[in-house]
Amino acid sequence: MSGNSSASSPDVGDDEPSANRGDSCSWYANEVCNSPRTCSDCLNVGISGDSCVVGSIGQCVSASEVAGGGAGSFYYPASSRTYCPKTDAACASCRAEWIKEYTQDGYMHSARECEGADGCICLSVCERPNREEVIIASSCSLLANRATRILVVLGMAIGAFLAFTLLAVAVRVIIRRRHLVQRQQEQAERAARVEARRATRLSTRRQLNLKGWSGMRDKLIASDHERLKSKEDSTAEKPTLASTPAPPVIIEEGDGYRPLSPSEHHHQQQRL
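The opening residue of the sequence shown carries number 1343 in my numbering; numbering runs sequentially from there.
Right under this line is the structure:
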């Protein structure tokens, strides 16, 4: 066991010796989870600003932890107890018996406490060979569990933050994509309306052109019909007597003759 303390006498005092500067009730300075304080130092060497007790597995803890039930079913406060030195005869006898039992059976089944000279005590849990290993395993596993819980909580917080961030990003992407789809639909509808208007204008223009061509064709056909009709009318007219001059008639009289005028020719016919 470590011996950072400068004293193991049964005298109890509130003054802090130079040897325990930086120590806590449970650990020597800079030796957390490596070197627990001995029961002798726990009860005999005071810690500035704190009061220590020996707990159920021989660990030295702060009296404030005992108030919360952290020291086990029984404890020995430094304020009212001192730990016997190794030279104490009563404690030496008890110590030898405890080690024998532990070696043979793996545990100590005799009285856990012996009282030495001047009312000092020695405890079986403080004298067993594996005391340091038991304390380190018990105390540091609690620290590890506490650290693990802290890490778990921290991990959950980070996970929740990341999940929220991913959710926010996903929602933002979905909204942007929806706006993009709506914009594309609006553009497609606008293009369709423009194309429909253009097709309507082209159709109207074609209809107007067709109407103009049809009208021109009808006019040409009517004009041709009029020309043909006028030709037919002119061909169908017959010449009349009044309008057609009669050819001169030559009447011979004697050896000589001369052309008769129409009036003379008429009179000649009446005589005949």
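Note that beta-carbon positions come from the ideal geometry of N, C-alpha and C, so glycine has one too. Here the structure is a predicted model, which means the values were calculated and not measured.
Item to check | Straight-line Cα distance separating Arg1520 from Leu1508 | outcome: Taking the straight line from one Cα to the other gives about 18 Å.
Checklist entry - Quick one: Cα of Arg1473 to Cα of Arg1379, how far? => result Rounded to the nearest whole angstrom, the CA to CA distance from Arg1473 to Arg1379 is 11 Å.
Checklist entry - Under 7 Å between the Cβ atoms of Tyr1323 and Val1396? => result What is shown of the chain runs 1343 to 1614, which leaves residue 1323 out entirely.
Checklist entry - Distance, Cα to Cα, Leu1522 vs Arg1535? => result Rounded to whole angstroms, Leu1522 to Arg1535 spans 20 Å at the Cα level.
Item to check | DSSP-derived helix/strand/coil call for Ile1477 | outcome: Helix.
Next on the checklist: My output table needs one value for Asp1356: the three-state DSSP class, helix, strand or coil.
Outcome noted: Per-residue confidence for Asp1356 stands at a pLDDT of 38, beneath the threshold of 50, marking its modelled position as unreliable; no derived number is given.
Next on the checklist: Whole angstroms are fine: how far does the CA of Ala1510 sit from the CA of Asp1383?
Outcome noted: Whole-angstrom Cα-Cα distance: 58 Å.
Checklist entry - Can you tell which of His1451, Asp1430, Ser1368, Thr1542 has the C-alpha that lies nearest to the C-alpha of Ile1389? => result When His1451, Asp1430, Ser1368, Thr1542 are compared, the shortest CA-CA separation from Ile1389 is found for Ser1368.
Item to check | Cβ-Cβ distance between Tyr1458 and Ala1420 below 7 Å | outcome: Strictly speaking, residue 1458 in this sequence is Gly, with Tyr absent from that position. No. Outside cutoff.
Next on the checklist: Let me see if you follow: with CB-CB separation under 7 Å, is Val1495 close to chain D or not?
Outcome noted: Absent here is chain D; the protein component of the structure consists of one chain.
Item to check | Neighbourhood of Ser1481 by C-beta, 8 Å cutoff - its chain only, sequence neighbours within 5 removed | outcome: Cβ within range, chain order: Ser1368, Cys1375, Pro1378, Gln1401.
Next on the checklist: Just to check my reading of the structure: His1451 and Glu1443 have Cβ atoms closer than 8 Å, yes? What is that Cβ distance to the nearest angstrom?
Outcome noted: Going by Cβ atoms, the distance from His1451 to Glu1443 rounds to 6 Å, so yes, they are a contact pair.
Checklist entry - Smallest Cα separation from Cys1456: which of Gly1448, Tyr1449, Ser1466? => result Measuring from the Cα of Cys1456, the nearest candidate turns out to be Ser1466.
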